[in-house]
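Asks:
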Amino acid sequence: MIRVVLAVLLTVALLAAVTPAIDEGRTARTAIHLDRVTDRIERAARSLRAHEDPTRPGVAGARRIVRFRLPARSWTAVGARLWIDGDRNLIGYRLDGGRPHRTTLRDLDLRTPDGPVVFERSARYRLAVSLVRSDGVGVTITRG
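Residue 258 is where the sequence shown ends in the working numbering, and the numbering goes up by one at each step.
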């Protein structure tokens with residue numbers, strides 16, 4: 115009986131010691147994933163700007179499709195929210211319980227015609243990134 119109690123106490127102590135490291139690892143892994151998503155969206159926008167000709171809104175033109183997954187809360191990832199705000203030229207995300215992380219896309223006129231594009235649930239998503247000429251040249255991002 116004493117051995118069982120000691121084994122349970124040792125297990126609880128080890129779990130208490132390891133839990134902060136697990137949480138830190140989940141947070142870091144999710145942040146790295148979302149930093150990569152942000153980078154892919156920015157590279158798609160800059161590639162369009164550098165290599166393609168803009169079209170009028172509503173006219174089919176060159177575009178880039180960016181696919182990504184917003185991870186589910188699990189043993190390996192924390193919950194997260196991602197948004198793209200054309201009014202402020204930024205892409206941001208927030209991890210559960212954390213501060214927002216924002217990336218401002220300088221030298222790009224980012225546009226989200228229907229207001230900020232927000233992703234809150236864990237799922238696979240697809241963004242359409244296109245180059246348009248309307249009040250100057252801008253990069254439009256919509257759900258694809």
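In this text, a Cβ means the ideal position worked out from N, Cα and C, and glycines have one as well.
Mind checking Ala159: buried by the 16 CB within 10 Å criterion, or exposed?
Replies: The residue is buried, with at least 16 neighbouring Cβ atoms inside 10 Å.
Asks: Please confirm whether Ser244 and Arg154 have their CB atoms less than 9 Å apart.
Replies: Result no, Cβ atoms of Ser244 and Arg154 do not sit closer than 9 Å.
Asks: Could you give the residue range of the beta strand (DSSP E) that holds Arg170?
Replies: Neither: Arg170 is in no beta strand (DSSP E) and is coded neither H nor E.
Asks: Tell me which residue opens and which closes the beta strand (DSSP E) that Asp199 is part of.
Replies: From DSSP, the beta strand (DSSP E) with Asp199 extends over Ala194 to Asp199.
Asks: Between which two residues does the beta strand (DSSP E) harbouring Pro214 extend?
Replies: From DSSP, the beta strand (DSSP E) with Pro214 extends over Pro214 to Thr218.
Asks: Expressed to the nearest angstrom, what Euclidean distance is found between the alpha-carbon atoms of Ile205 and Val118?
Replies: Each residue's Cα considered, the two are about 52 Å apart.
Asks: May I ask you to report which of helix, strand or coil DSSP gives Ala237?
Replies: Here Ala237 sits in strand by DSSP.
Asks: Considering only the alpha carbon of each residue, which of Ala131, Ala135, Gly175 and Gly258 lies closest to Leu241?
Replies: Considering only alpha carbons, the answer is Gly258.
Asks: Skipping 5 residues on each side, what residues in its chain have a beta carbon closer than 8 Å to that of Thr141?
Replies: The answer, listed in chain order, is Val192, Leu209 and Gly212.
Asks: Looking only at its own chain, which residues have a Cβ that is under 7 Å from the Cβ of Ser248, when we skip the five neighbours before and after it?
Replies: The answer, listed in chain order, is Arg170 and Pro171.
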